[in-house]
Amino acid sequence: MSSLPAPDHPQPQSLTDLFVSFTLLALQGFGGVLAVVQRELVEKKRWMTREEFIEDWAVAQIMPGPNVVNLSMMIGARSFGLKGALAALAGMLTVPLIIVLLLALVYAQFAGHPGVAGALRGMGAVAAGLIAATGLKLFGALLKNVLGLRLCIVFGVLCFIAIALLRWPLAYVLLGLGGVACTVAFQKLKP
Amino acid sequence: MTEPLTLVFSLQDWFTLFLHYLTLSLLSVGGAITTAPDMHRFLVEQQHWLTDEQFNASIAIAQAAPGPNVLFVALLGWNVGLNAGGMLAGLLGVLLSLLGILIPSTVLTYAAAQWGHRNRDLRAVRAFKQGMAPIVVALLIATGWILASANGSSLKDWPVWLVTVVTALVVWRTRTHLLWLLGAGALLGWYGLI
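Taken in sequence, the protein lines are chains P and X. Heads up: the first sequence begins at 147 in the working numbering, then just goes up one per residue. Heads up: the second sequence begins at -18 in the working numbering, then just goes up one per residue.
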């Protein structure tokens, strides 16, 4: 939702394109879809810039509801309004829902196998790295931030300490630290 | 294993289930998983609609499966339905729980996003986006950290952390397909190497 529309900004072709794209994204997202969304929609399809992705992700985080579901809805709405939002939402949920139900049906046969538990552990470790890398890649977008790089790093480090090390509730951090950061940004954006 | 549950569900009970998810939806800031403790309190401890095993398995399966993790809510509903009479009731449980957890939050988010888009030149809206950006980036790295520490944080767990760090560097610096990395992680885990 940048005020400057980026040049050569490809768009989803149709509602079907949105539905299929989000279905494929969701199906690649073991242990979290966010890393896949960033790689496919920002780096490959170029439907949105890094900055737009961060903006949407901020809203998706601060609003109630599953973050990735919120995000896909907002991306769908960028091109096709409410219909786009629903197409992206349906893509993100329909096929994965069917798969998860099938998995639940066969779960009993596989649960006892030690290899399965190990594989889940390995995939979990990789999934953790995927999410962290998504953050590292978006770091470059902060260079243009009105706060300046130094303040961005201060806010970022404080946020990491509060969430990862102190395990404070997300809502407090978003409201507290986020509120301060937005106030500073408001001051710096003098009209 | 605890005894399997057999429930008799009235229309009133289905409505209670739906209503509970509707209210949780608006509280789920930071993702549906943040309301999991309250779902456990309601479904397992208060109503006795699910066993502990069913609750934990629902979350584990949804996290292992592709797709958004919110689908654990659908599995909870599925299991409540199974306890209440079988597959058809299971599908009703899926429908009610998923719609309940999604409708309020998605309506609110959609309205907020549209408002923000229409007013994107307002100083307050621009300040929100600029101010939140460093927090959002740090949150992603923090999420990676939290997920990694769920795999173990003692010294003997170093191979798991190594896999996480190597993955982060590879994804950051190269264009390797993410599924290859997940497959490699699964293989390492399957053979007990990490």
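Backbone N, C-alpha and C fix where the C-beta goes; we use that ideal spot for every residue, glycine too. As the structure is a computational prediction, the values presented were derived from the model and not from experiment.
Checklist entry - Any beta-carbon of chain P closer than 8 Å to the one on Gln111 (chain X)? => result Your numbering for residue 111 (chain X) matches position 130 in the second sequence. By this cut-off, Gln111 (chain X) is an interface position.
Item to check | Interface positions of the region 179 to 204 of chain P facing chain X (Cβ-Cβ less than 7 Å), listed along the chain | outcome: Val179, Ala181, Val182, Arg185, Ile200, Glu201, Trp203 and Ala204
Item to check | Status (buried if at least 16 other CB within 10 Å, exposed otherwise) for Asn64 (chain X) | outcome: Position 83 of the second sequence, counted from the start, is the residue given in the question as residue 64 (chain X). Buried, since its Cβ has 16 or more Cβ neighbours within 10 Å.
Next on the checklist: Please report the straight-line C-alpha distance between Lys290 (chain P) and Phe301 (chain P), rounded to a whole angstrom.
Outcome noted: In the first sequence, counting from the first residue as 1, residue 290 (chain P) sits at position 144. In the first sequence, counting from the first residue as 1, residue 301 (chain P) sits at position 155. Rounded to the nearest angstrom, the two C-alpha atoms are 15 Å apart.
Next on the checklist: Using a Cβ-Cβ distance cut-off of 8 Å, determine whether Asn64 (chain X) contacts chain P.
Outcome noted: Walking along the second sequence from the start, residue 64 (chain X) turns up at place 83. No - not a single Cβ of chain P is within 8 Å of the one on Asn64 (chain X).
Checklist entry - What span of residues does the alpha helix (DSSP H) with Ala274 (chain P) cover, start to end? => result Counted from its first residue, the first sequence places residue 274 (chain P) at position 128. Note, Ala274 (chain P): alpha helix (DSSP H), Pro260 to Leu284.
Next on the checklist: Judging by CA-CA distance, which residue of P:Ala204, P:Leu170, P:Pro337 and P:Val188 is the nearest neighbour of Ala119 (chain X)?
Outcome noted: Counting from one through the second sequence, the residue named residue 119 (chain X) turns up at place 138. That would be P:Ala204, whose Cα lies nearest to the Cα of Ala119 (chain X).
Next on the checklist: For the region 124 to 151 of chain X, list every residue whose C-beta sits within 9 Å of some C-beta in chain P, in sequence order.
Outcome noted: Thr124, Gly125, Trp126, Ile127, Leu128, Ala129, Ser130, Ala131, Asn132, Gly133, Pro140, Val141, Trp142, Leu143, Val144, Thr145, Val146, Val147, Thr148, Ala149, Leu150 and Val151
Next on the checklist: Using 8 Å for Cβ pairs, my map puts Ala273 (chain P) next to Gly178 (chain P). What's the rounded Cβ distance?
Outcome noted: For the purposes of this step, residue 273 (chain P) is taken as the residue at position 127 of the first sequence. For the purposes of this step, residue 178 (chain P) is taken as the residue at position 32 of the first sequence. About 5 Å; that satisfies the 8 Å criterion.
Checklist entry - Shorter than 8 Å from the beta carbon of Leu164 (chain P) to some beta carbon of chain X? => result On the first sequence, residue 164 (chain P) is found 18 positions in, with the first residue counted as 1. No - not a single Cβ of chain X is within 8 Å of the one on Leu164 (chain P).
Item to check | CB of Leu276 (chain P) within 8 Å of CB of Thr148 (chain X), strictly | outcome: The residue you call residue 276 (chain P) lines up with position 130 of the first sequence. The residue you call residue 148 (chain X) lines up with position 167 of the second sequence. Result yes, Cβ atoms of Leu276 (chain P) and Thr148 (chain X) sit closer than 8 Å.
Item to check | Straight-line gap, Leu121 (chain X) to Gln(-7) (chain X) (C-alpha atoms, nearest Å) | outcome: Sequence index remark: in the second sequence, residue 121 (chain X) carries index 140 (1-based). Sequence index remark: in the second sequence, residue -7 (chain X) carries index 12 (1-based). Computed Cα separation, rounded: 41 Å.
Item to check | Contact set between the region 268 to 280 of chain P and chain X, restricted to residues whose Cβ is under 9 Å from the partner | outcome: Gly268, Met269, Gly270, Ala271, Val272, Ala273, Ala274, Gly275, Leu276, Ile277, Ala278, Ala279 and Thr280
Next on the checklist: If contacts are defined as beta-carbon pairs under 8 Å, then Leu171 (chain P) and Val183 (chain P) qualify, I think. What distance do you get, rounded to the angstrom?
Outcome noted: Taking the first residue of the first sequence as 1, we reach residue 171 (chain P) at position 25. Taking the first residue of the first sequence as 1, we reach residue 183 (chain P) at position 37. At roughly 6 Å, the Cβ-Cβ gap stays under 8 Å, so Leu171 (chain P) and Val183 (chain P) are in contact.
Item to check | Residue-level contact to chain X via CB, Ser149 (chain P), 8 Å cutoff | outcome: To locate residue 149 (chain P), count along the first sequence from 1; it is residue 3. No answer about Ser149 (chain P) holds up, because its pLDDT of 44 lies below 50 and its placement is not dependable.
Checklist entry - Helix, strand or coil for Val10 (chain X) per DSSP? => result Reading the second sequence from its first residue, position 29 is the one you call residue 10 (chain X). Three-state DSSP puts Val10 (chain X) in a strand.
Checklist entry - Hey, which unbroken runs of the alpha helix (DSSP H) at 4 residues or more fall wholly within the region 202 to 260 of chain P? => result 213 to 256
Item to check | Residues sharing a beta bridge with Pro47 (chain X), DSSP | outcome: Locating residue 47 (chain X) in the second sequence gives position 66, counting from the first residue. DSSP, once it has assigned bridges, lists P:Phe176 as partnering Pro47 (chain X).
Checklist entry - When you check each C-beta in the region 73 to 102 of chain X against every C-beta of chain P, which residues fall closer than 9 Å? => result Val75, Leu79, Ile82, Leu83, Pro85, Ser86, Thr87, Leu89, Thr90, Tyr91, Ala93, Ala94, Gln95, Gly97, His98, Arg101 and Asp102
Checklist entry - Based on Cα-Cα distance, which residue from P:Leu248, P:Glu189, P:Leu321 and P:Ala250 lies nearest to Leu284 (chain P)? => result The residue labelled residue 284 (chain P) in the question sits at position 138 within the first sequence. Nearest option by C-alpha distance: P:Glu189.
Checklist entry - Which chain P residues sit within Cβ distance under 8 Å of Ala43 (chain X)? => result As a first step, residue 43 (chain X) is located in the second sequence; it is residue number 62 there, counting from the start. Neighbours of Ala43 (chain X) on chain P, chain order: Val246.
Checklist entry - Cα separation between Ala308 (chain P) and Leu247 (chain P)? => result If you number the first sequence from 1, residue 308 (chain P) lands on position 162. If you number the first sequence from 1, residue 247 (chain P) lands on position 101. Straight-line Cα distance between these residues: approximately 36 Å.
Item to check | chain X within 8 Å of Phe306 (chain P), Cβ atoms only | outcome: Residue numbering aside, residue 306 (chain P) sits at position 160 when the first sequence is read from its first letter. Judged by the 8 Å Cβ criterion, Phe306 (chain P) is in contact with chain X.
Next on the checklist: Between which two residues does the alpha helix (DSSP H) holding Ala131 (chain X) run?
Outcome noted: If you number the second sequence from 1, residue 131 (chain X) lands on position 150. Where Ala131 (chain X) is concerned, the enclosing alpha helix (DSSP H) stretches over Arg104 to Ala131.
Item to check | Interface flag, Ala152 (chain P) vs chain X, CB-CB below 8 Å | outcome: Here residue 152 (chain P) refers to the residue found at position 6 of the first sequence. Because the pLDDT at Ala152 (chain P) is just 49, under 50, the model does not fix this residue reliably, and the point stays unresolved.
Item to check | Residue environment, Gly258 (chain P), which counts as buried when at least 16 other CB atoms sit within 10 Å | outcome: Here residue 258 (chain P) is taken as the residue at index 112 of the first sequence, counted from 1. It is exposed - the Cβ of Gly258 (chain P) has fewer than 16 other Cβ atoms within 10 Å.
Checklist entry - Does the region 101 to 117 of chain X come within contact of the region 327 to 334 of chain P, defined as at least 3 CB pairs closer than 8 Å? => result yes
Checklist entry - Among P:Leu323, P:Ala236, P:Pro210 and P:Val292, which has the Cα closest to the Cα of Pro337 (chain P)? => result Within the first sequence, numbered from 1, the residue matching residue 337 (chain P) stands at position 191. When only C-alpha atoms are compared, the closest one is P:Val292.
Next on the checklist: For a cutoff of 8 Å on Cβ pairs, would you count Lys229 (chain P) as touching chain X?
Outcome noted: Taking the first residue of the first sequence as 1, we reach residue 229 (chain P) at position 83. It does not; no Cβ of chain X falls within 8 Å.
Item to check | Partner residues on chain P for Trp30 (chain X), Cβ-Cβ distance less than 9 Å | outcome: As a position in the second sequence, residue 30 (chain X) is number 49, starting the count at 1. Neighbours of Trp30 (chain X) on chain P: none; closest Cβ ~16 Å, over 9 Å.
Checklist entry - Under a three-way DSSP split, which group does Val(-11) (chain X) fall into? => result For the purposes of this step, residue -11 (chain X) is identified with residue 8 of the second sequence, where counting begins at 1. It is coil, neither helix nor strand.
Checklist entry - Taking only beta-carbon atoms, is Gly67 (chain X) less than 8 Å away from chain P? => result Numbered from its first residue, the second sequence carries residue 67 (chain X) at position 86. No, no contact with chain P.
Next on the checklist: Measuring straight from C-alpha to C-alpha, what distance separates Ser6 (chain X) and Ala234 (chain P)?
Outcome noted: Indexing the second sequence from 1 puts residue 6 (chain X) at position 25. Indexing the first sequence from 1 puts residue 234 (chain P) at position 88. Computed Cα separation, rounded: 19 Å.
Checklist entry - Just how far apart, CA to CA, sit Met194 (chain P) and His29 (chain X)? => result Counting from one through the first sequence, the residue named residue 194 (chain P) turns up at place 48. Counting from one through the second sequence, the residue named residue 29 (chain X) turns up at place 48. Their Cα atoms are separated by approximately 46 Å.
Checklist entry - Who are the neighbours of Ser6 (chain X) on chain P, taking C-beta pairs under 9 Å? => result Numbered from its first residue, the second sequence carries residue 6 (chain X) at position 25. The answer, in chain order, is Pro210 and Gly211.
Item to check | Chain-ordered neighbours of Pro47 (chain X) on chain P, where CB pairs are closer than 7 Å | outcome: As a working note, residue 47 (chain X) is residue 66 in the second sequence. What Pro47 (chain X) touches in chain P: Ala172, Leu173, Gln174, Gly175, Phe176, Pro242 and Ile245.
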